[in-house]
Each structure stands twice: as structure tokens, then as C-alpha cells.
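Trainee:
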Amino acid sequence: MSKKLKGKTCVYCATATATTDDHVFAKEFFLPEDRHYLPKAPACKACNNAKAKFEHYLTAVLPFGGRHPQATANLQSGVPGRLAKNQRLHKALLSSIEPAWLREGTGLYQQTSTVGFDSSELEGLLKFIGRGLAWHHWKLYLRPHDDVSVMLMPDMGSAYFQSLVGSWRNAQRVDENCWPSATSASGPPSPHSPKAKIA
Ligand SMILES: [Zn+2]
Numbered sequence: 000m001s002k003k004l005k006g007k008t009c010v011y012c013a014t015a016t017a018t019t020d021d022h023v024f025a026k027e028f029f030l031p032e033d034r035h036y037l038p039k040a041p042a043c044k045a046c047n048n049a050k051a052k053f054e055h056y057l058t059a060v061l062p063f064g065g066r067h068p069q070a071t072a073n074l075q076s077g078v079p080g081r082l083a084k085n086q087r088l089h090k091a092l093l094s095s096i097e098p099a100w101l102r103e104g105t106g107l108y109q110q111t112s113t114v115g116f117d118s119s120e121l122e123g124l125l126k127f128i129g130r131g132l133a134w135h136h137w138k139l140y141l142r143p144h145d146d147v148s149v150m151l152m153p154d155m156g157s158a159y160f161q162s163l164v165g166s167w168r169n170a171q172r173v174d175e176n177c178w179p180s181a182t183s184a185s186g187p188p189s190p191h192s193p194k195a196k197i198a
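Residue numbers (numbering that gives the first Met the number 0): 0 to 198.
1. If you reduce the DSSP assignment to three classes, tell me which class residue 211 lands in.
2. Residue 102 bridges to which residues according to DSSP?
3. Within the continuous alpha helix (DSSP H) that includes residue 83, where are the two ends?
4. At which residues does the beta strand (DSSP E) containing residue 126 begin and terminate?
5. Pair every Cβ in the region 115-125 with every Cβ in the region 98-105, then say whether three or more of these pairs are closer than 8 Å.
6. Between the region 63-76 and the region 130-140, do at least 3 Cβ pairs fall closer than 8 Å?
7. Tell me which residues pass a beta-carbon proximity test against ligand 1: closer than 7 Å to any heavy atom, given in chain order.
8. What's the gap between the Cα of residue 39 and the Cα of residue 123?
9. Hey, is the region 57-69 in contact with the region 13-28, meaning 3+ C-beta pairs nearer than 8 Å?
10. What residue from 77, 14, 47 has the CA that sits closest to residue 32's CA?
11. Are residue 50 and residue 108 closer than 8 Å when you measure CB to CB?
12. Between 41, 62, 9, 8, which has its C-alpha nearest residue 30's C-alpha?
13. Please tell me whether residue 14 and residue 143 are closer than 8 Å, where the distance is taken between their beta carbons.
14. Count the other CB atoms within 10 Å of the CB of residue 131; is the residue buried (16 or more) or exposed (fewer)?
15. Flag this pair as yes or no: are the beta carbons of residue 147 and residue 129 separated by less than 8 Å?
16. Determine the direct distance from the alpha carbon of residue 88 to that of residue 111, and round the result to whole angstroms.
17. Alpha carbon to alpha carbon, how far is residue 92 from residue 120?
18. Look up residue 22 in the DSSP assignment and give the residues it is bridged to.
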């Protein structure tokens, strides 16, 4: 564990003493060459293990839905090994594949396929990430009873959210891109507002 984070309180439960430096965004979401400078936060073993369960599922499944080049490369280079270690998930994904049509930006429809996806896993991980980013950006510990809300939105909802957040003054919000198109976070930075949400 790094000296900087040693002895600190776990950012996820805000209770236990941290025993490890946790990557707020698991390294496996990124290609090896893109893993520098990922934010780290102090975490206790129990929280680290609980978060890792979500990460094992999502690092194997999310690249199927990525539309950016890094996700495609991750799907080809990282996912087969992860699924080989998790035959149950591999079988579940295979049996969930269905044909679908996808509307491209040009307006044309392209044939593709979908795989089943448990969005509650993503919500679970994003709640951890919200707490990790609050500490990373503002050294703010969200306590166990502080609410961290996660909203998963279709494109239309996302556009509305962006316009809403975009109308806030710069001092009220933070926009963070960990890597182009891979992950992004927007939300109010004020640690003093009881209604603050990290999105
Ligand atoms: Zn903890």
C-alpha cells in the first residue's frame, strides 16, 4: 500500500481502516497502455472484495456494448480470458444473444446482436465509483447514510441530463473524462450541499 494512502479510512464505507489502494475504475476496463494515471483511493478489504465482484462481471460484459475503438480492442484481447475463468457467465451470455437492428448516426439501420446485461451490477459498481470520485476530487468522505444516486439513461434522457448539468455554473459542476469515450463523469462538486449527487 502506498504511503500516501496508508492509515486512511476506506472511502467506500467511511468506517474501516484501508488496507489497499483501490483503482476507482478497475484497470481491466482499460487497455494496458491506457492504465496510467487512473485515480486510486484507500479501501478496506471487505469493500474492495465487494467492489471486485461487480468488476469481474462488468469487465467481461461491458466491452460488448462499447462503441469506441478501445472497447473493441478490450473485447478481443481481454474478454476471452475473463470468460474462460467464468464458464457460468460465458454460458449465460451465449444463451442471451439475440439479433437486433441498430440505428447508426447516418440514420441507416445496421444488423447487430445484443447480449443480456444485468444493469443492477452496473448501478452497484457506480455507487462505489461515486464515493471513490468524491474522495478523489474533493477528499470528501460520503458517510454510510449519505445517498449516492445512480441513473442509467437512454440517449434521450442523457441529452436532457447533459443540458441540465450544462446550465449549472462551472463552480457547481465537475466534468471528468478518464479516457476519451471510455468513461466520463459529470456532477456538482459541492461537498457542502446535502443534495449533491455524483453522476
Ligand atoms: Zn470499506
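Cβ atoms here follow ideal geometry from the backbone N, Cα and C, with glycine treated the same way.
Mentor: Looking at the atomic coordinates:
1. The first residue shown for the chain is 0 and the last is 198, placing residue 211 beyond what the model contains.
2. Sequence index remark: in the sequence shown, residue 102 carries index 103 (1-based). Note: residue 102 sits in a beta bridge opposite 108.
3. By one-based count along the sequence shown, residue 83 stands at place 84. Here the alpha helix (DSSP H) through residue 83 covers 78-83.
4. Stepping through the sequence shown from its first residue, residue 126 is reached at position 127. Note, residue 126: premise wrong, no beta strand (DSSP E); alpha helix (DSSP H) at 118-137.
5. no
6. No, the region 63-76 is not in contact with the region 130-140.
7. Cβ atoms closer than 7 Å to ligand 1 belong to 9, 11, 12, 14, 15, 42, 43, 45, 46.
8. Locating residue 39 in the sequence shown gives position 40, where the first residue counts as 1. Locating residue 123 in the sequence shown gives position 124, where the first residue counts as 1. In this structure, the CA atom of residue 39 is about 18 Å from the CA atom of residue 123.
9. yes
10. Your numbering for residue 32 matches position 33 in the sequence shown. Among 77, 14, 47, the Cα nearest to that of residue 32 is on 77.
11. By one-based count along the sequence shown, residue 50 stands at place 51. By one-based count along the sequence shown, residue 108 stands at place 109. In this structure, residue 50 lies away from residue 108, with their beta-carbon atoms at least 8 Å apart.
12. If you number the sequence shown from 1, residue 30 lands on position 31. Cα-wise, what sits closest to residue 30 is 62.
13. Locating residue 14 in the sequence shown gives position 15, counting from the first residue. Locating residue 143 in the sequence shown gives position 144, counting from the first residue. In this structure, residue 143 lies closer than 8 Å to residue 14 by Cβ.
14. Here residue 131 is taken as the residue at index 132 of the sequence shown, counted from 1. Burial call: buried.
15. Counting from one through the sequence shown, the residue named residue 147 turns up at place 148. Counting from one through the sequence shown, the residue named residue 129 turns up at place 130. Remark: C-beta atoms of residue 147 and residue 129 approach each other more closely than 8 Å.
16. Counted from its first residue, the sequence shown places residue 111 at position 112. Counted from its first residue, the sequence shown places residue 88 at position 89. If you take the alpha carbons of residue 111 and residue 88, they lie about 21 Å apart.
17. Counting from one through the sequence shown, the residue named residue 92 turns up at place 93. Counting from one through the sequence shown, the residue named residue 120 turns up at place 121. One C-alpha to the other measures close to 15 Å.
18. Within the sequence shown, numbered from 1, the residue matching residue 22 stands at position 23. Under the DSSP definition of a beta bridge, residue 22 partners with 39.
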